[in-house]
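Trainee: Chains as they are written, first to last, in the numbering used here: chain A, 203 to 361; chain B, 30 to 694. C-beta: ideal position from N, C-alpha, C; glycine also. Small disclaimer: the values here were computed from a predicted structure and weren't measured.
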Amino acid sequence: MASKAPAQQQVRAKVGAKPGGKSGMGSMIWLQGMVCGAVLTFATPAALVGGTLLAPALLALVADREPGRPVFRAVALFGGAVALEPLWHLCLSGDSMTTALEILSDPTMLAFAWIAAAFGWALCEVLPVLMENAGKFAEAARVAGWKAELKRIEEEWGE
Amino acid sequence: MAAQAQQDIAKPGSTIAGFYQRDTQRVVPALSEGWPAFAVTDRRDPRKPLMAVRVRPGIPPRARALDNVDEETVPNVLMPLADGPGLDLNGQQGWFIISPAPPGQSISLAAGPWREQELITCVLLPAAAALEALRERGLTHRSIRPDNMFRAAAGQPVTLGPFWQAPPGTGQPAVADPPFLGWCRPACQGDGTIADDVFALGVTLLALSMGKWPLAGVDAQEIVRRSLSHGSYATLTAGYAALPSYLGDLLRGMLAEDPDHRPSPALLLDPLRAAARRTTTRPPRRAQRALEVGSGTAWTARELAFALATQPDAAGTMLRNGAVDRWLRRSLNDPALAGKLEESYGRLAASAGAAAATGGGMMAPMLLMRAVALIDPLAPIVWRGEALWPDGLGPAMAMADPPMVAMLREIVEEDALTAWIGINTRRTDAASLVQLARDWSGWLTTRGASGGINRLIYGLNPLLSCASPLLAGRPVLRLAELLPALEAASVKADKRQPPVDGHIVAFIAARAEQGMKAELSGLNSFTSESERPLVLRLFSRLQARQDCGPLPGLAAWLHESGFTGIDRWKSRSARTVLGKRIAGLVAAGQLGPLLAAVEDTAALAADAAGAAGAAARSEGLKQRLEESEKRAPERLTDARRLAHDIAAGAGLLALMGAAVKLAFH
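(1) If we define contact as Cβ-Cβ less than 8 Å, is Arg267(A) a contact residue for chain B?
(2) Whole angstroms is fine: what's the gap from Thr188(B)'s alpha carbon to Asn362(B)'s?
(3) What is the C-beta distance between Ala635(B) and Ala276(A), in whole angstroms, given that I count them as a contact (C-beta under 8 Å)?
(4) Output, in sequence order along the chain, the residues in the segment 597-626 of chain B whose CB is closer than 7 Å to any CB in chain A.
(5) Excluding the 5 residues preceding and the 5 following Lys599(B) in the sequence, name in chain order all residues of the same chain whose CB lies nearer than 6 Å to its CB.
(6) What does the alpha-carbon distance come out to for the pair Arg311(B) and Asp206(B)?
(7) DSSP beta-bridge partners for Ser128(B)?
(8) Tell me, which residues are paired with Pro114(B) by DSSP?
(9) Identify whether Pro75(B) lies in helix, strand or coil by the three-state DSSP scheme.
(10) Here's the rule I'm using: 16 or more other beta-carbon atoms within 10 Å means buried, otherwise exposed. How should Ile231(A) be labelled?
(11) At the level of alpha carbons, what is the spacing between His588(B) and His532(B)?
(12) With H, G and I counted as helix, E and B as strand and the rest as coil, what does DSSP make of Gly481(B)?
(13) Report the option in Cys217(B), Thr44(B), Gly184(B) and Gly200(B) whose CA atom is closest to the CA atom of Pro191(B).
(14) Pull up the distance between the alpha-carbon of Leu168(B) and that of Arg314(B), whole angstroms please.
(15) Take Val251(A) and list the residues in its own chain whose beta-carbon comes closer than 8 Å to its own, dropping the five residues that flank it on each side.
(16) Helix, strand or coil for Leu320(B) per DSSP?
(17) Under 8 Å between the Cβ atoms of Ala162(B) and Val103(B)?
(18) Is Ala668(B) closer than 8 Å to Glu334(A) when the C-beta atoms are compared?
(19) Any chance the segment 133-148 of chain B sits against the segment 82-93 of chain B, with 3 or more Cβ pairs inside 8 Å?
(20) Figure out for me which residue from Ser261(B), Phe555(B) and Asn177(B) has the closest Cα to the Cα of Pro288(B).
(21) Pick from Ala249(A), Met311(A) and Ile355(A): whose alpha carbon is nearest that of Asp297(A)?
(22) Please report the straight-line C-alpha distance between Arg399(B) and Ala539(B), rounded to a whole angstrom.
(23) Would you check whether the ligand ZN has a heavy atom nearer than 7 Å to the C-beta of Arg604(B)?
(24) Within 8 Å of any Cβ in chain B, is that where the Cβ of Glu334(A) sits?
(25) Going along chain A, which residues have a C-beta under 9 Å from Leu633(B)?
(26) Measuring alpha carbon to alpha carbon, tell me which residue in Gly323(B), Arg291(B) and Thr326(B) is nearest Thr309(B).
(27) Which whole-angstrom value is the C-beta distance of Ala695(B) and Leu138(B), which I expect to be below 8 Å?
(28) Using the rule of at least 16 other Cβ atoms within 10 Å of the residue's Cβ for burial, across every protein chain shown, is Thr233(B) buried or exposed?
(29) Apply the 10 Å Cβ neighbour rule to Gly270(A) and answer buried if 16 or more other Cβ atoms are within range, or exposed otherwise.
(30) On a CA-only basis, which of Ala111(B), Ala182(B) and Ala466(B) is nearest Gln194(B)? Give me that one, please.
(31) Kindly say whether Val217(A), judged by its beta-carbon, lies nearer than 8 Å to any beta-carbon of chain B.
(32) Would you mind giving the Cβ-Cβ distance between Phe555(B) and Val529(B), rounded to the nearest angstrom? I have them listed as a contact below 8 Å.
(33) Could you check whether the Cβ of Leu292(A) sits closer than 8 Å to any Cβ belonging to chain C?
(34) Would DSSP call Arg315(B) helix, strand or coil?
(35) Which residue from Arg670(B), Arg610(B) and Lys77(B) puts its Cα closest to that of Arg51(B)?
(36) Please report how far the alpha carbon of Met30(B) lies from the alpha carbon of Leu492(B), in whole angstroms.
What follows is the structure in structure tokens.
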């Protein structure tokens, strides 16, 4: 695994591909662009509400270069959890632009969606630090135990 | 008792052998050869006039004589009563033999010629009685000479002096020995027979009658040569016209060449009968022309044997080129003897192979030995110009210098004794001598410290003092004295060095009864791990057998030089516990419990298993530590991935919660 990552980076440098992208993904991007365009054309109110409420997720999608885009995932899921209800409400109301503007005119809704997204982002930043330190402490305790046992063995059975 | 005796050595005014204390009030008459002696008294019976004779270092006393310690049944001879370590007049440690003190001064040749009657009553009869008693005990005296005969006053019977403090024949003038003993060095002569004592008594009578030694100033080899040429009686009495006829008749028998022709001591108790006894001996066949062997000349077969024995280089050449055979056949007119010699030579050449036909290697001394034995059946073993009797090998080896020891060793290695017995048909003890030769060879070829030349020397000399430098000069003649002597030596010993060496092991191997072979056979350099417990086991068994009492000094010596093997234990705590236990046992001086403590095989096995387990566990822990260090970055990545997964999981839960809320709203 460790030797594979640099090799991939060299290949990317040769073909001029961006980090985090995959070979053969160009058509996929085109497809996604077409879908987005279709949604914007045929469901403009939903796209407007979703795009506004999930704007942090779109930002994370662009900014997150880590494999698997963990920050994007967390931001999108938390933001999605808040955006689900207004989008559902918009669908039930016939996907009208009026309803969409009503929803977007509610600052509480917007703030709530973006705070949820921020919570997802914060979780992705804080949890790794906590987990790494917890792991370090646990490993240090184990190592200390082993060293103490080694010392006891040396004292009892050493030359 | 042995331990007590060794402890007593350090104290002035100590006793010898437990009962004998120095008596400063009495003076012992001077002994022959200036042998050191002083007066002692028996604590149990202070009235007995006794003396202590010091054994000279490196000179083995006569073991068979010291085992006969009952003075009552041996008249007119100073028999040993006891022996043991003690201090001499200068405070020097030594081994002493206790015996009755001489009744007076020794008789002297300077006092002038003795009358015949006095010789018979005061010398012959008491000496013959003494010799008969010795013969019954299987002993010989071999030190019969005027200065070793003592009497209380003129007209009193003589008492034969000490003969047990040195090998037979020590101090004996060549003229007093029969020629077949005389051509050997004194140390090589062996015990001899009682007939040899009769010969020495005859020469003593002759010397006392003459008032001087016969053939005084003549070289020993020349005396032997003349005696072999003309007969001892004729040689010794030549020019002594005043020899009384009765004494002359007695001496004619007593000085016969053949021991079988000499009167027995019992017969000498009746001098008239002894004087009247006549033995007819055929005069030796004389050659028409002499044979020159080197610087020697031979007219008879007996002279030829002596010439060959004393001129080994010339003899070897003459035997190989057939000059001896031709002389025997043509000049001596003895084709039978020449035929035997040729046959013997042919057999030897065949057995030694083609290389031996040139006379090289070991063939020359063997050829000469066989030739001399064939030509004169009364001759001793002759090897490279040295002559010795089989029982003289021990004292000869004990007192010889290194080249002589190497030569004597060759006799054993080449099994010359068996070859000699095969030729010498006069010996009635052939079977026991063959067994003896096998024993010698076995001792010499035994591997390790319990075999080899030291083992041979101590085996051949049952009372030779142990020559180990570890004993710091303490005399140890008997096995019972060994551990007490080591205990005494431990005070000033360098305890980093082992308290055992090749001399001590060979000494124990020679003196110990059966049952110590297992311990002895494994000893070699005393430094290997496997030998250490053997040494402790050997000493502990000796302590138990000899009942030496506590030996704290020796136990400490063994411990400090590493023979307790505490370093064989791997567990530090076990070593600490064992060390405390050993310290207590060392102070108690009991080697048996000490051995049991360090030779606990079950505990040692458990200790070894524990050590192996600890080593495996230690190795595993080190690997884990190494892996932990290597996997640190990987662990961080894993923790980060897990944290992201948890965050994603939480988001998913929130999304599902919102979906459920919508569904049921």
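Mentor: Considering the structure as presented:
(1) no
(2) 49 Å
(3) Not quite, the Cβ-Cβ distance comes to about 59 Å (not below 8 Å), so this is no contact.
(4) Lys599, Ser600, Arg601 and Ser602
(5) Asp636 and Ala640
(6) 22 Å
(7) Met80(B)
(8) Trp124(B)
(9) Looking at Pro75(B) - three-state DSSP - the assignment turns out to be strand.
(10) Exposed.
(11) 21 Å
(12) coil
(13) Gly200(B)
(14) For the pair Leu168(B) and Arg314(B), the Cα-to-Cα distance works out to about 35 Å.
(15) Ala285, Pro288, Leu289, Leu292, Ala302, Ile305 and Leu306
(16) strand
(17) yes
(18) yes
(19) Using a Cβ-Cβ distance cut-off of 8 Å, the segment 133-148 of chain B and the segment 82-93 of chain B are not in contact, since fewer than three pairs of beta carbons, one from each stretch, lie closer than that value.
(20) Ser261(B)
(21) Ala249(A)
(22) Near 31 Å, if we compare the C-alpha coordinates of Ala539(B) and Arg399(B).
(23) Annotation note on the ligand ZN: not contained in the displayed structure, which lists no ligands.
(24) Contact with chain B is found for Glu334(A), since one of that chain's Cβ atoms lies less than 8 Å from the residue's Cβ.
(25) Result: empty, since nearest Cβ-Cβ is about 14 Å, beyond 9 Å.
(26) Arg291(B)
(27) With chain B covering only 30 through 694, there is no way to say anything about residue 695(B).
(28) buried
(29) exposed
(30) Nearest C-alpha to Gln194(B): Ala111(B).
(31) Low per-residue confidence applies at Val217(A): pLDDT is 44, beneath 50, and the placement is therefore not dependable, though the value from the model is reported in the following sentence. No, Val217(A) lies away from the interface with chain B (no Cβ there is under 8 Å from its Cβ).
(32) Confirmed, Cβ separation roughly 6 Å.
(33) Going by chain labels, chain C is absent from the structure shown, which instead holds the protein chains A and B.
(34) strand
(35) The residue with the shortest Cα to Cα distance from Arg51(B) is Lys77(B).
(36) In this prediction, Met30(B) has a pLDDT of 43, which is less than 50 and means its spatial position is unreliable; what the coordinates show is noted afterwards. The straight-line gap from Cα to Cα measures roughly 19 Å.
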